[in-house]
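Just below is one structure, and these are the notes that go with it.
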Amino acid sequence: MRRVRRLTIGLLLGATISLGVSAQSRQSAPTSDAVAASLDSLHRDANGMTLDRAEVQRGARTVAASEHLSGDVASWRGPLEISGTVDGNAAAIFGDVVLLPGGHVRGDALSVGGQVKLAGGTVDGEMRSISGFSVGPLAGAQLTPAQAMRRSLSLAVACYLILVAMALAVSFFARGHLETVASTIRTNFSRAFVFGVLGEIAAVPFFLLSAVALAITIVGVLLIPFAAVAFALGVMGALALGFLAMSLLAGDAMMRGDTTAGEPRPLVSHLITGLSAFLVLWLLGGAASYAGIIGSVMRLLAFLCTWIAATVGLGAVIITRGGTRAAARLPFAPPPASEEYAWQTPTPVTGVAAARRPTPAPRASQQ
Amino acid sequence: MKSILLAVLALFAAGGPGDGAQSWRTLTASRPRGNADSLRVILRYDAGRLTVGAAAAPLLYDARARFDGNQQRVSRSYDAVTHTLHVGIDSAMQGSVHSDRRPRESQARLDLGLATGMPVDIDLDLGATRATLDLGSLWVSALHVSSGATETDVTFGSANPQPMRDLLVDAGVGSITIHQLGNARAQHASIASTVGALDLDLDGSWTGEMPITLRVALGSATLRVPRDAGVALRLARRIANVDADGFVAHDGVYYSAGYEQAKRHIVVDGSATLASVDVVWKE
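Those protein sequences? They're chains A and B, same order as listed.
Per my numbering, residue 1 is the first one in the first sequence, and the count goes up by one each step.
Per my numbering, residue 1001 is the first one in the second sequence, and the count goes up by one each step.
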């Protein structure tokens, strides 16, 4: 129990720290990735230009009066002041381009997030200022492994923290519903999965049919937007409740040895433990961003596990009407054994000791 | 599940600025004249306000755009060989759905200044815009305006240094007003209006004959004619009304009184379908 608790706290701390580090890294000093991303955006922007990485200097840059540059010149997060001659283009990314007396740019002068200022200099080409890039940095598959990993980890941790908050809320305010759903999953797993898949398939047609039915009357037409919002919230709530129930069961399984018989189980600990198990899957998938195809397989595995959990949970929520009623017993399900008649169990002749019939405790007066 | 979690995240983030937030961008682009002796401008602008006028003296063009980066794209390019400037603002954004799209676009604008003292060909393709073209200071050698749902106002405040080669206006839904069209000194003007109002002021510094092809459908056209000009109307009318008091019909052509004696003449050809055409004399 302590071990699991320590693991859970460690995961929470790790999650918080990794989020902090991720946020900090976005605000920290310019990294080579940021310069590359800016140059890429500049290249793909219809109003940008193509610059070579070697021509970009971080911070302010000055072209002295005695200088004559044959190529392009650029600054990144700083002004570009030109008193000499530039045969190519001049660009300041997140800064001003200032043409001082004697400054001469034979190509274009471009400022991103600043202005092109003529303070005595000349530009033969176009003077252009854009307030920002029209296209963002490369996304998705074109992210570097480090960026992809940071994004995956941040997303997983953020989702985890949100689910933990929801788990706390559910354990306090809807504990009975959660227990009912979890119990249904435990006894009717396959049935819950089938119901979950059917629910996912039928969600959109069901909503469309409802909308059509509402559209029959004028009042119903007005209600359609509200119905859409209510339906979306209902589906998301059902999915969340079901997933939390699955997480509870996962936590039960992991903490089985730590629970004392007869004591009520610590619901919150089990819930967070189960959620942490799913988090670990996603963290492993995110951390494997460097591993190419293996990382993709791990993320697919994490997705499948999560999807199955959510689907089974959704099915159980449907079966129990949101945890408000217990699932109907299957016709072939055997009745549970009763402790009251266990002593009557036939015993083999070989001499296994029979159970002792429970007898009432002797009264004090008889002693 | 990932999508569910994203949806939950979206719910939590609903209170803050999301993708639907406005993202206003600005673009300014100007170019010195250099050795350019003419300019051709091809402009596509589909939503917002547009003004076209004269640029400051040393500049070939000066464009200033304000647009919502989430919904619109702006591009400009200049071909130094053909002296052609392309400017385009379009709202064909990928997969963005915003219920309040129109109000945002109405706040977008483009101000385009063009060189004075050199012949300029202007080709405008306008969408849902409010366009104000002040061409008085420019030497417009050709003007093509094709518009969708617009409110367009064109002014030729002073006479063109040289006669305009071609003037073509094709207005869709909306209104178009042209002031002092005579100053354009167009060798031929073709003006069409479909569903909307057309107001043509034919005043200005021009001599001789001004040929105009006019096509009006499902709307109205008002021709404001200087008193010293003679007008000949040869319009094919299809369920249309031409209000031309004092005109005399001869071989299917309506001539204003004193047409032969007038120093300058306006000859209007074309058609009017389900429309009304009024001729108003200016003093």
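C-beta: ideal position from N, C-alpha, C; glycine also.
With a Cβ-Cβ cutoff of 8 Å, do L244 (chain A) and L271 (chain A) count as a contact? Taking the C-beta atoms as reference points, L271 (chain A) is found nearer than 8 Å to L244 (chain A).
So with CB distances below 9 Å, who are the chain B contacts of D252 (chain A)? Correct list: empty, because the minimum Cβ distance to chain B is about 20 Å.
Would you mind telling me which residues of chain A sit closer than 8 Å to R1073 (chain B), beta carbon to beta carbon, in chain order? A46, S134
Out of B:R1033, B:R1237, B:A1275, B:A1108, which has the shortest C-alpha to C-alpha gap to G1088 (chain B)? B:A1108
Same chain only: Cβ atoms within 7 Å of P1226 (chain B), ignoring 5 sequence neighbours per side: L1202, D1203, K1282
Which same chain residues end up closer than 8 Å to A1257 (chain B) when comparing Cβ atoms and leaving out the 5 residues on each side of it in sequence? The residues G1246, F1247, V1248, in chain order, have a CB closer than 8 Å to that of A1257 (chain B) in the same chain once the five nearest residues on each side in sequence are set aside.
Closer than 8 Å, CB to CB, is M49 (chain A) near chain B or not? no
Buried or exposed (CB count within 10 angstroms, at least 16 for buried), H1179 (chain B): buried
Can you give me the C-alpha to C-alpha distance between P1058 (chain B) and L1114 (chain B), rounded to a whole angstrom? 10 Å
For chain A, find out if any of its Cβ atoms is closer than 8 Å to the Cβ of M1093 (chain B); answer yes or no. Because M1093 (chain B) sits at a pLDDT of 47, beneath the cut-off of 50, its placement in the model cannot be relied upon, and the following sentence gives the value as read from the coordinates. It does not; no Cβ of chain A falls within 8 Å.
Go ahead and pull the three-state DSSP assignment for R77 (chain A). Correct three-state label for R77 (chain A): coil.
Spell out whether any CB of chain A is found under 8 Å from the CB atom of R1025 (chain B). yes
Would the region 1070-1088 of chain B and the region 1030-1046 of chain B be scored as touching if the rule is three or more Cβ pairs under 8 Å? These segments touch.
Can you pull the DSSP bridge partners for E1151 (chain B)? B:R1130, B:S1175
Out of B:R1264, B:A1262, B:G1252, which one is the CA nearest neighbour of S1287 (chain B)? Here chain B covers residues 1001 to 1283 and nothing more, so residue 1287 (chain B) does not appear.
Apart from the five residues on each side of it in sequence, which residues of its chain come closer than 6 Å, Cβ to Cβ, to R1049 (chain B)? R1109, R1130
Counterpart residues of F1265 (chain B) in DSSP-defined beta bridges: In the sequence under discussion, the amino acid at residue 1265 (chain B) is His, which differs from the Phe named in the question. Paired residues: B:E1209, B:G1230.
Given this structure, state the Cα-to-Cα distance separating R1264 (chain B) from A1232 (chain B), to the nearest angstrom. When the Cα atoms are used, R1264 (chain B) and A1232 (chain B) turn out to be separated by approximately 11 Å.
Examine chain A for any beta-carbon lying closer than 8 Å to the beta-carbon of A1029 (chain B), and answer yes or no. With 8 Å as the cut-off, A1029 (chain B) counts as an interface residue toward chain A.
Per DSSP, cross-strand counterpart(s) of D1062 (chain B): B:S1030, B:G1113
Go ahead and pull the three-state DSSP assignment for T180 (chain A). helix
According to DSSP, is M255 (chain A) helix, strand or coil? Look at M255 (chain A) here: in three-state DSSP terms it is coil, with no helix or strand label.
F189 (chain A) to R1066 (chain B), Cα distance in whole Å? 58 Å
Under a three-way DSSP split, which group does R106 (chain A) fall into? coil
Going by CA-CA distance only, name the one from B:A1056, B:T1194, B:G1148 that's closest to S1276 (chain B). B:T1194
Indicate whether at least one CB of chain A lies closer than 8 Å to the CB of Y1255 (chain B). no
Buried or exposed: where does A139 (chain A) fall if 16 or more other Cβ atoms within 10 Å of its Cβ makes it buried? Bear in mind that a pLDDT of 40 at A139 (chain A), under 50, signals an unreliable position, so the number given afterwards is only what the model happens to contain. Result: exposed.
Counting pairs of Cβ atoms below 8 Å between the region 213-231 of chain A and the region 284-300 of chain A, do you hit three or more? no
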